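Under this note's numbering, the letters of the sequence shown match residues 84 to 496, in that order.
Ideal Cβ placement from N, Cα and C applies to all residues, glycine included.
Source: prediction; values computed, not measured.
Shown next, in structure tokens, is the structure this report addresses.
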Amino acid sequence: MTASALAYLRSPLAIRARCEAIFELAAEGRSEHFKVDLEALPVVVDEVVRVTREHYPELKIPVHGRINHFRAGGVDRVAALGAKISAILDVGPDHHAGDRHARAWIDLVVVSVLLDAGAGPTWRFHEPATGLEIGRSEGLAIASLHAFEAGLFSADPENPLRVDAAALRALDAAKLEAAFQSSAQNVLPAVDGRLGLVRALGEALLRSPRLFAGGRPSGLLDHFRMIAPQRQLPAAEILTTLLEGLSSIWPSRLTLDGKPLGDIWRHRGAGGSGPTEGLVPFHELSQWLAYSLFEPLERSGLTILQPDALTALPEYRNGGLLVDLGVLVPKHARARAIAHPPGDELIVEWRALTIAVLDRVAVGVRERLGLTALQLPLACVLEGTWGAGRAVAARLRPDGGPPIRIELDGTVF
């Protein structure tokens with residue numbers, strides 16, 4: 084029973100089912116924490132369409148993945164890193180070049196996403212080559228990119244452009260703080276939480292050689308090719324593989340038969356029965372990682388099937404957009420007055436409602452843009468919702484932060 088319950092909680096189907104149960108509760112006015120006003124949904128759709136057209140006027144909208152953040156500030160660091168990968172790795176038969184590039188990008192994306200929990204409103208990364216000072220998620224992305232290029236995550240001095248278990252296990256706080264320019268004057272929140280995730284990733288790479296051949300994140304490529312002999316890989320398989328391989332890296336929170344559940348929380352309105360009763364899975368960082376792997380996996384020759392099986396990302400930009408524009412209305416002043424731990428039922432409900440409502444936003448955005456779900460999958464709609472959430476927050480609050488504050492531990496958001 085435990086194995087089947089755990090498999091269910093790791094499925095996108097479970098995420099949607101539990102979030103829809105909480106949505107129905109709130110939509111009927113029976114929630115303790117939020118009211119749902121679907122009459123405000125067109126306002127959200129308008130803002131998402133506006134931001135999407137502003138950023139992508141030709142509607143060539145990319146998947147909302149980590150690689151986009153490497154282009155922050157109008158600098159094409161993706162092309163620059165591609166050239167470096169070619170210079171260092173492109174030896175041997177040319178037909179292996181694409182494979183080597185894909186492995187380098189998979190390595191980078193995995194470690195970068197795990198370092199991507201919220202940076203707070205004040206931390207900045209100064210990029211010497213461009214003079215740019217970049218904060219939040221893009222700043223974290225660029226800091227991790229430069230750390231990768233410098234070989235921080237590689238134990239092979241002859242090949243800095245890789246991530247391996249030995250280097251991750253040996254990483255210490257001083258090196259991580261230096262790479263991210265964290266100091267008393269420029270504090271990066273939750274360095275210990277981030278370091279713990281990265282070190283735990285190193286252990287996980289060694290613990291699961293079936294998934295991570297060679298003790299590298301890019302060993303996933305071999306596994307995905309094995310389970311997709313026709314080179315057609317369902318998106319849900321990416322997520323379930325990540326959740327299997329990385330389950331041990333998450334801090335001890337809820338467990339099921341001794342197995343850590345990760346980004347799964349309790350809510351009285353979640354429904355269910357047996358060992359999964361009342362549990363709401365989100366797997367936000369793992370889904371963000373799955374979306375971020377679409378591009379390098381496709382670079383390797385795989386085709387990603389059913390991308391809409393994955394859900395919206397229940398993080399504070401998407402959720403903040405819905406609160407700021409009036410779709411989700413907190414019932415109590417406490418919601419905005421204090422910072423809440425991730426396990427607070429208020430936060431669990433906010434995240435669940437975000438997933439359920441953004442499925443509905445996606446329908447409206449496609450209608451407005453005249454595109455089908457095949458032409459504009461949810462993964463691409465999220466590029467607009469995330470950007471819209473940030474834009475609205477910047478208009479409403481001086482620090483551009485979310486309307487509801489969450490205590491950051493470096494492992495969830």
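Under the assumption that residue i contacts residue j (Cβ atoms under 8 angstroms), give the Cβ distance between them as a whole number of angstroms.
i    : j    : result
I98  : I438 : 7 angstroms
V363 : A435 : 6 angstroms
A318 : P390 : 5 angstroms
G148 : E378 : 6 angstroms
A187 : L304 : The pair is not a contact, with the Cβ atoms about 11 angstroms apart (cut-off 8 angstroms).
L441 : G201 : Not really, about 19 angstroms apart at Cβ, beyond 8 angstroms.
L164 : L228 : 7 angstroms
S291 : G345 : That pair is no contact at about 15 angstroms.
I105 : A353 : 6 angstroms
L278 : L259 : 5 angstroms
I347 : L92  : 6 angstroms
Do residue j and residue i come within 9 angstroms of each other at the CB atom, strictly closer than that value?
i    : j    : result
L254 : V274 : no
R183 : A248 : no
L251 : V194 : yes
L459 : I144 : yes
Q268 : F208 : no
L388 : Y374 : no
L411 : F231 : no
S369 : L325 : yes
T205 : V119 : no
A100 : L339 : no
V146 : A471 : no
R308 : G181 : no
E428 : E115 : yes
I489 : P413 : no
V246 : S169 : no
P343 : S356 : no
L506 : H366 : Beyond the ends of the chain as shown, which are 84 and 496, falls residue 506; an answer cannot be given.
L385 : V192 : no
I443 : V132 : In the sequence under discussion, the amino acid at residue 443 is Arg, which differs from the Ile named in the question. In this structure, V132 does not lie closer than 9 angstroms to R443 by Cβ.
A262 : A296 : no
A109 : E398 : no
For residue i, is the classification buried or exposed, using 16 other Cβ atoms within 10 angstroms of its Cβ as the cut-off for buried?
i    : result
P485 : buried
A162 : exposed
Q315 : exposed
I430 : buried
M84  : For M84, the predicted model reports a pLDDT of 49, less than 50, meaning its position is unreliable and no value from the coordinates is stated.
E216 : exposed
H350 : buried
R113 : exposed
I421 : exposed
P284 : The residue you asked about is not Pro; residue 284 is Leu in the sequence shown. Buried.
P211 : exposed
P240 : exposed
R160 : buried
S266 : exposed
P140 : exposed
Based on DSSP bridge pairs, tell me the residues matched to residue i.
i    : result
Q315 : T386
R277 : Bridge partners of R277: none, in fact.
H98  : What sits at residue 98 in the sequence shown is Ile, not His. Answer by DSSP bridge pairing: none, since I98 is not bridged.
N269 : S266
E216 : H209
T338 : P343
I489 : H423
Between the segment 396-408 and the segment 474-493, are three or more C-beta pairs nearer than 8 angstroms? With the cut-off at 8 angstroms, the segment 396-408 and the segment 474-493 touch.
Quick check: the segment 146-153 against the segment 219-227, are there 3 or more CB pairs under 8 angstroms? Taking one beta carbon from each stretch, the segment 146-153 and the segment 219-227 have 3 or more pairs nearer than 8 angstroms; the two touch.
Across the segment 128-139 and the segment 449-468, are there enough close Cβ pairs to call them in contact, namely three or more that are closer than 8 angstroms? Taking 8 angstroms as the limit for Cβ pairs, the verdict is that the segment 449-468 does touch the segment 128-139.
Segment contact flag, the segment 122-129 with the segment 441-453, C-beta cutoff 8 angstroms, min 3 pairs: Contact holds: three or more Cβ-Cβ distances are below 8 angstroms.
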